[in-house]
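Enquirer:
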Amino acid sequence: MKRYFRELSVAGALLILLLVLALFAPAFFQPQPLRSLLTREAPTLVVACGMAFVIIIRQIDISVGSQFAVCSVCAGLLAALKWPLVLVLPASVALGALMGAFNGMLVAGLRLPSIVVTLATMVTWREALRWQRQGQFVNLPDNLQWFGLSQSGGQWTLIGAALVVLTLLAWATRHLAAGRFIYAIGSDAEAARLAGLRPQSTTFAVFVFMGALVGLAAMMNVVQSPQVDPKSGSGLELKVIAAAVVGGVAVSGGRGRLWGVFAGLLLLACISPALTHFHVEAYWEKAIQGAIILLAVVADGVRSRKQIR
Amino acid sequence: MSNPSIQRGWKAALLRHETLLLLVVAVEWLYFNSVGPRFGSVDNSFDIIRHSVEIGLLAVVMTPIILTGGIDLSAGSLLGLCAILFGKLWRDAGLSPVMAGVCTLGIGAVAGGLNAVLITGLRLPPLIVTLGTYSLFRGLGEAITRGVDTFTNFPASFLFLGQERWLGVPAQVPLFLLVAGAVWVLVHRMTFGRTFRAVGFAPEGARYAGIPVERRIALAYVLAGTVAALAAIIYTARLGQAKADAGTGYELFAITAVVLGGTSIFGGIGSVHGTLLGVAAIAVLNNGLVHARQPREVAGMLTGLLLVLALSTSALPKLLALLRSHRQTVNPEPIKS
Amino acid sequence: MSAANAPLLQLSSVAKSFGAVRALRGVSFDLRAGEVHALLGENGAGKSTLIKVITGAHQPDGGTLAMDGGLLEKLSPAAARKLGIACIYQQPALFPDLAVAENIALRLESGGALRKVDWAARRLQAVGLLERIGADISPDAEVRSLSMPEQQLVEIACAIGSGARIVIMDEPTASLTRKEVALLFAVVRDLRSRGVGVVYISHRLEEIFELADRVTVLRDGQSVGTCPVSGMTEAGLIKLMVGREVAQLYPPAEGVAGQVVLALKQLGCAAGGVKNVSLEIRAGEIVGLAGLVGAGRTELARVLFGITPADSGEISLNGRSITVASPQDAVGQGIAYVPEDRRRHGVILEMHIAQNMSMAIHSRIFPAAWLRDGAEARLAQEFIRNLGIKAYGPQAPGGSLSGGNQQKVSLARWLATRPKVLILDEPTQGVDVGAKSEIHKIIRRLAMEGLAVLMISSDLPEVLGMSDRIAVMRGGTITALLPGKSEAHAVMAAALGQNP
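Residue numbers (the numbering used here), protein chains in the order written: chain A, 142 to 450; chain B, 656 to 992; chain C, 11 to 510.
1) Using a Cβ-Cβ cutoff of 8 Å, what residues of the stretch 858 to 881 of chain B are near chain C? List them in chain order.
2) Using a Cβ-Cβ cut-off of less than 8 Å, list which residues of the stretch 122 to 138 of chain C approach chain A; keep chain order.
3) Under the three-state reduction of DSSP, which class applies to residue 482/C: helix, strand or coil?
4) So, with DSSP's three-state summary, where would you put residue 435/C?
5) So, is the C-beta of residue 959/B closer than 8 Å to a C-beta in chain A?
6) Keeping to the same chain, check which residues put their C-beta closer than 8 Å to that of residue 768/B; ignore five residues upstream and five downstream.
7) Let me confirm a value: residue 210/C is counted as buried when at least 16 other C-beta atoms fall within 10 Å, else exposed. Which label applies?
8) Is residue 845/B close to chain C, meaning its C-beta is less than 8 Å from at least one C-beta of that chain?
9) If you measure from the beta carbon of residue 108/C to each beta carbon in chain A, is any gap under 8 Å?
10) Rounded to the nearest angstrom, how far is the Cβ of residue 190/A from that of residue 354/A, given a contact under 8 Å?
11) Using a Cβ-Cβ cut-off of less than 7 Å, give me the residues of the stretch 74 to 91 of chain C that come near chain F, in sequence order.
12) Under 9 Å between beta-carbons, which chain B residues line up against residue 254/A? List them in chain order, please.
13) What residues from chain B crowd round residue 376/C, counting only those whose CB sits closer than 7 Å?
14) Are the stretch 245 to 255 of chain A and the stretch 343 to 362 of chain A touching by the rule of at least three beta carbon pairs closer than 8 Å?
15) Please say whether residue 379/C and residue 846/B have beta carbons closer to each other than 8 Å?
16) Establish whether the CB of residue 511/C and some CB of chain B are separated by less than 8 Å.
17) Any residues in the stretch 789 to 816 of chain B with a beta carbon nearer than 7 Å to a beta carbon of chain C? Which ones, in chain order?
18) Give me the residue from 206/A, 396/A, 151/A and 415/A with the minimum Cα distance to residue 375/A.
19) Who are the Cβ neighbours of residue 313/C in its own chain at under 6 Å, not counting the five residues just before and after it?
20) Answer yes or no: do residue 424/A and residue 802/B have a C-beta to C-beta separation smaller than 8 Å?
21) Do we get a CB-CB distance below 8 Å when we pair residue 787/B with the residues of chain A?
22) Might you give, ordered along the chain, the residues of its own chain that have their beta carbon closer than 6 Å to the beta carbon of residue 862/B, omitting 5 neighbours on each side?
23) Does any C-beta atom of chain A lie closer than 8 Å to the C-beta of residue 312/C?
24) When the Cα atoms are used, what is the spatial distance from residue 933/B to residue 359/A?
25) Taking only the alpha-carbon atoms, compute the straight-line gap between residue 216/C and residue 470/C and give it to the nearest angstrom.
26) Quick check: is the beta carbon of residue 849/B nearer than 8 Å to any beta carbon in chain C?
27) For a test of the three-state rule: what should DSSP assign to residue 286/C, helix, strand or coil?
28) Please list the terminal residues of the continuous alpha helix (DSSP H) segment that includes residue 197/C.
29) Between the Cα of residue 361/C and those of 963/B, 848/B, 948/B and 885/B, spot the shortest distance and give me the residue it belongs to.
30) Determine the direct distance from the alpha carbon of residue 449/C to that of residue 870/B, and round the result to whole angstroms.
31) Relative to the C-alpha of residue 833/B, which residue among 699/B, 712/B and 944/B is closest?
32) Which same chain residues, not among the five before or five after residue 59/C, have their C-beta less than 6 Å away from its C-beta?
33) Rounded C-beta distance between residue 227/C and residue 51/C? I'm assuming under 8 Å.
34) Starting from the Cα of residue 406/A, find the closest Cα among 181/A, 232/A and 219/A and give me that residue.
35) Using CA coordinates, which residue listed in 928/B, 947/B, 821/B and 962/B is at the minimum distance from residue 693/B?
36) Is the Cβ of residue 672/B closer than 8 Å to any Cβ of chain A?
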């Protein structure tokens with residue numbers, strides 16, 4: 142129990158929030174809006190899993206929002222060129238991986254701080270995209286939305302896909318050697334080097350993987366509407382970092398579980414509808430998000446200080 | 656381990672870096688002057704200065720923070736929040752612009768103090784703390800204005816600060832020079848700068864030398880908050896309005912200017928005049944590209960690339976030294992059995 | 011010599027220098043399969059350098075290493091490990107966030123990143139290894155929740171699990187309880203019975219007599235003797251370790267001790283591991299603080315300097331009770347501390363020596379916080395001259411100086427504060443011979459000028475030669491107060507916890 146304390150406390154907070162909603166705003170649980178909410182959060186969940194890896198290995202990536210926009214637009218353009226979905230999807234993933242590799246090269250290769258590197262790439266990709274698109278939306282062919290399925294069918298597919306990714310990755314972090322290497326390196330890079338692991342190459346790989354997941358998530362976003370907004374993904378980096386930190390991924394590295402991140406993401410995602418139900422203006426969402434990040438960081442800070450005496 | 660020739664060369668390299676940067680600004684200037692016919696005019700020069708004062712202020716006070724090995728991602732958001740609160744104090748609380756301005760500066764100091772307390776009191780990493788306040792400050796701004804409220808119709812006497820000339824130069828310039836000069840003195844002529852550097856080079860070493868490390872770090876963040884509030888007031892006066900999205904992305908420009916100006920992102924090394932040159936390089940580039948009929952986005956993109964480039968070159972000596980020391984001590988390699 | 015009867019490991023006249031410091035000057039040492047070979051010597055005798063040569067971390071400048079009669083050339087850490095040489099350092103290199111079983115597995119497993127982790131096998135392996143060393147540690151416990159000795163046991167489990175043929179243990183019992191020590195001894199004996207050669211380093215003589223088959227004594231980077239333990243007595247070993255005469259190198263004490271300057275009454279700090287320390291230091295007096303590594307000497311200095319403030323007892327200065335809650339307090343009261351780790355704490359390598367020297371007196375030398383380069387340069391020039399610092403000027407970066415000169419810069423920083431009490435922590439560690447005697451002269455001069463000096467040193471001749479009185483620490487408290495003209499073996503015996 143003690144070992145899962147951090148994750149359980151998030152899950153507990155989520156349950157309390159849901160309980161309060163069930164008592165005072167049962168309308169929240171109508172299937173249609175609930176399904177829409179989950180569908181909206183499905184791509185975010187995929188990106189949040191990647192971000193969890195990045196933070197566990199003691200780095201950060203704030204360029205994911207821009208990567209997301211670039212992948213979305215490029216995927217949309219390829220689809221508009223009548224590329225079939227089976228080709229667009231890998232292309233989007235590869236593009237994301239490429240952008241991730243650029244970050245990884247600078248962080249792992251040149252040992253630059255990831256915060257500044259990804260700050261730079263964030264603005265570079267975003268401005269390059271604005272320059273190219275000038276705010277124009279990309280119109281998609283008809284058969285792409287919801288994979289050509291019915292709306293509910295498409296929504297269930299996306300939710301299912303996100304959960305499959307989550308489950309696979311959660312399994313991999315626990316049962317695959319590579320997953321354990323990430324924890325080991327985040328916990329103590331020097332000890333990892335002495336044990337024969339390769340911190341720099343692994344860091345590079347994590348950034349590449351982060352990018353690939355962003356490419357996948359972008360695709361999951363593109364199929365939700367008939368057009369691609371070149372501004373999609375703005376603020377995504379904060380959302381996923383918040384989900385990871387709230388979900389118990391320690392910014393000092395080496396700690397955190399994807400199930401916790403999932404609970405953290407749901408908790409944050411439920412805040413906005415909860416605010417509406419309680420007639421608090423939605424404009425408070427960002428401030429509350431910031432306060433929750435700080436609260437989680439402070440709580441972790443106090444906890445780890447106690448442990449070191 | 657430490658290579659004396661590299662260390663002895665640091666000051667020289669710093670000089671070289673700033674000379675080089677001055678050269679870059681000059682080349683930029685000459686190039687855009689030849690491309691855009693009105694680029695070199697006095698009016699346009701003042702325009703460049705007017706547009707870079709706010710980022711310049713943020714960059715100047717970001718310099719001590721980065722010297723201590725920290726970072727402040729919340730600067731742009733705090734500018735936005737302060738602009739809103741200034742408008743609110745003036746319009747809804749009925750304060751005169753001067754009184755509202757003084758209160759805003761106080762609010763900025765308190766906001767900087769929040770960063771400082773979390774970073775020094777709880778020993779949390781500056782990166783994640785200021786990422787949290789980045790979101791918090793911007794979110795408070797949005798919440799207060801409900802995302803739509805805009806403050807306008809400021810009195811002309813206030814707008815003078817941002818739009819008119821005083822002593823023949825844009826009115827905000829003397830104020831900017833005052834702040835930049837004060838920070839320059841603080842960093843280069845006073846013991847504070849010495850201790851910022853010591854903390855950036857070796858926080859533990861500074862503690863063992865009896866330096867009040869926490870208080871110095873806190874000073875840097877409180878100063879940054881106060882000056883961000885000043886930047887917010889000037890921003891409001893320049894545009895004649897305050898909105899929740901004021902200063903979005905300014906933290907990036909400020910960090911870029913500081914790093915471009917030769918300040919090491921790892922702390923210890925750097926200068927305020929280098930930062931000013933960095934601001935100039937970015938400002939001239941931005942304005943010049945408009946005159947060269949390039950879209951605004953190109954400037955943003957180039958700024959990002961410039962930051963990557965500046966970082967990479969600043970990391971090279973350290974990386975080379977690292978590789979050299981690795982070769983000397985022969986690292987244990989993985990067992991392959 | 012055929013491989014069959016060649017010793018497992020043979021070192022012949024191994025030498026190693028770091029700049030001007032000759033850490034090893036011809037060490038010969040051999041280790042047989044199935045023996046426990048103790049390595050004994052004062053701190054700084056060259057034990058840690060010798061370990062690093064055997065594990066391949068350092069390349070010797072001269073002499074040879076051979077294993078099973080085959081010469082080892084250009085031994086790298088990786089090659090050493092492949093040959094089955096394992097070392098358990100005092101500072102465990104473990105992953106604090108991961109479970110014990112996983113820590114062991116990450117060291118021992120090999121294979122690709124995409125293989126599946128066999129948790130059951132990992133756990134079984136950990137349980138087996140922990141059982142073999144008799145450690146009562148759950149394989150599922152997170153390493154960060156373990157105590158230091160428990161972490162050390164995990165390290166030992168890793169070494170045993172890797173099937174090493176040579177195991178080097180560097181003071182493995184320094185932080186273990188009696189029960190844990192007994193378990194460890196059982197493990198070592200088990201290793202011996204399996205034909206493993208164990209190099210065992212410890213300051214505790216009783217352990218050596220209990221466990222080791224042979225013992226080699228190192229002194230000043232040389233091996234002064236190897237003999238079977240059975241024929242030795244404790245007194246004989248101590249004599250071998252201390253050996254040489256205290257030469258006339260040390261400046262004579264001429265001053266007369268004055269008033270009590272610093273008085274400690276039952277001082278304690280739980281977090282720092284210091285308890286119940288009472289001591290008086292007079293003006294003009296050098297009190298040597300002797301003891302083994304881990305005895306609490308540096309920790310006591312850190313308490314006095316306010317880095318880990320005291321939580322019990324009393325500090326008085328010139329008869330007045332004072333509180334030292336931070337280094338700033340200490341500086342303000344006139345307590346100066348020249349730290350042991352020069353490169354991390356003593357000097358900021360990237361900054362000029364003038365900047366380093368003025369760092370603790372900013373408020374005095376720079377009125378209104380305004381830098382005055384002239385005054386600073388004059389201060390630096392003065393100290394450069396007075397202390398004989400070899401640098402091209404006040405503008406030289408600290409990192410460009412040699413160890414001895416860095417130490418003088420660190421000393422200058424604290425002398426500039428005009429302290430009443432000067433605490434020196436290993437003032438001549440890693441300093442070449444010439445600079446060493448210069449520093450000794452400076453310390454004596456300072457004492458004669460009326461400073462109260464507390465000198466922590468692991469260099470026994472230095473303690474004996476410099477001190478007016480000697481305080482010996484053991485287990486975080488002062489266990490003996492001896493006159494300055496004590497015999498070396500008396501100090502060593504007190505440090506080791508023997509009754510002379």
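Don't be surprised by glycine CBs; every beta carbon is placed ideally from N, CA and C.
In this text, all values refer to a predicted model and were calculated from it rather than measured experimentally.
Expert: Let me lay it out:
1) 859, 860, 861, 862, 863, 864, 865, 866 and 867
2) 122, 123, 124, 125, 126, 127 and 129
3) As a first step, residue 482/C is located in the third sequence; it is residue number 472 there, counting from the start. In the structure shown, residue 482/C sits in a strand (DSSP, three-state: E or B).
4) What you label residue 435/C is simply residue 425 of the third sequence in a count that begins at 1. Reduced to three states, the DSSP call for residue 435/C is strand.
5) Position 304 of the second sequence holds residue 959/B. True, the Cβ-Cβ gap to chain A drops below 8 Å.
6) To locate residue 768/B, count along the second sequence from 1; it is residue 113. Cβ neighbours of residue 768/B beyond the five flanking positions: 873, 876, 877 and 880.
7) Your numbering for residue 210/C matches position 200 in the third sequence. Buried, by the Cβ-count rule.
8) On the second sequence, position 190 is the one that residue 845/B refers to. At least one chain C Cβ lies under 8 Å of residue 845/B.
9) For the purposes of this step, residue 108/C is identified with residue 98 of the third sequence, where counting begins at 1. It does: the Cβ of residue 108/C has a partner Cβ on chain A nearer than 8 Å.
10) As a first step, residue 190/A must be located in the first sequence, where it is residue number 49. As a first step, residue 354/A must be located in the first sequence, where it is residue number 213. Sure, about 6 Å apart at Cβ, within 8 Å.
11) The displayed structure is made up of protein chains A, B and C, and chain F is not among them.
12) As a position in the first sequence, residue 254/A is number 113, starting the count at 1. 726, 782, 920, 921 and 966, listed in chain order.
13) Position 366 of the third sequence, counted from the first residue, corresponds to residue 376/C. Within chain B, the residues near residue 376/C are 846.
14) yes
15) What you label residue 846/B is simply residue 191 of the second sequence in a count that begins at 1. What you label residue 379/C is simply residue 369 of the third sequence in a count that begins at 1. A contact, by the Cβ cut-off of 8 Å.
16) The structure shown has nothing for residue 511/C, since chain C only spans 11 to 510.
17) none
18) In the first sequence, the residue the question calls residue 375/A occupies position 234. Closest option to residue 375/A, Cα to Cα, is 206/A.
19) Start at 1 with the first residue of the third sequence, and residue 313/C comes out as number 303. Excluding residues within five positions, the ones whose Cβ falls inside 6 Å are 279, 282, 284 and 320.
20) Locating residue 424/A in the first sequence gives position 283, counting from the first residue. Locating residue 802/B in the second sequence gives position 147, counting from the first residue. The answer is yes: Cβ separation under 8 Å.
21) Counted from its first residue, the second sequence places residue 787/B at position 132. Yes, contact with chain A.
22) As a first step, residue 862/B must be located in the second sequence, where it is residue number 207. Cβ neighbours of residue 862/B beyond the five flanking positions: 868.
23) As a first step, residue 312/C is located in the third sequence; it is residue number 302 there, counting from the start. No, because no Cβ of chain A sits closer than 8 Å to the Cβ of residue 312/C.
24) Position 278 of the second sequence, counted from the start, is the residue given in the question as residue 933/B. Position 218 of the first sequence, counted from the start, is the residue given in the question as residue 359/A. Near 35 Å, if we compare the C-alpha coordinates of residue 359/A and residue 933/B.
25) Taking the first residue of the third sequence as 1, we reach residue 216/C at position 206. Taking the first residue of the third sequence as 1, we reach residue 470/C at position 460. Roughly 20 Å between the two C-alpha positions.
26) Against the second sequence, residue 849/B aligns to sequence position 194. Chain C contact via Cβ: present.
27) The sequence position of residue 286/C within the third sequence is 276, counting from 1. Correct three-state label for residue 286/C: strand.
28) Mapped onto the third sequence, residue 197/C falls at position 187. Unbroken alpha helix (DSSP H) run through residue 197/C: 188 to 203.
29) Counting from one through the third sequence, the residue named residue 361/C turns up at place 351. Per the Cα distances, 848/B.
30) Here residue 870/B refers to the residue found at position 215 of the second sequence. Here residue 449/C refers to the residue found at position 439 of the third sequence. Approximately 35 Å, taken between the alpha carbons.
31) The count along the second sequence starts at 1 and reaches residue 833/B at position 178. The shortest C-alpha separation from residue 833/B is found at 712/B.
32) Taking the first residue of the third sequence as position 1, residue 59/C is located at position 49. So the qualifying residues of the chain are 26, 33 and 34.
33) Against the third sequence, residue 227/C aligns to sequence position 217. Against the third sequence, residue 51/C aligns to sequence position 41. About 6 Å separates the two Cβ atoms, so the contact holds.
34) Taking the first sequence and counting its residues from 1, the one referred to as residue 406/A is at position 265. Cα-wise, what sits closest to residue 406/A is 181/A.
35) As a working mapping, residue 693/B is identified with position 38 in the second sequence. Ranking the options by Cα distance to residue 693/B, first place goes to 947/B.
36) For the purposes of this step, residue 672/B is taken as residue 17 along the second sequence, with counting starting at 1. So no, residue 672/B is outside the interface.
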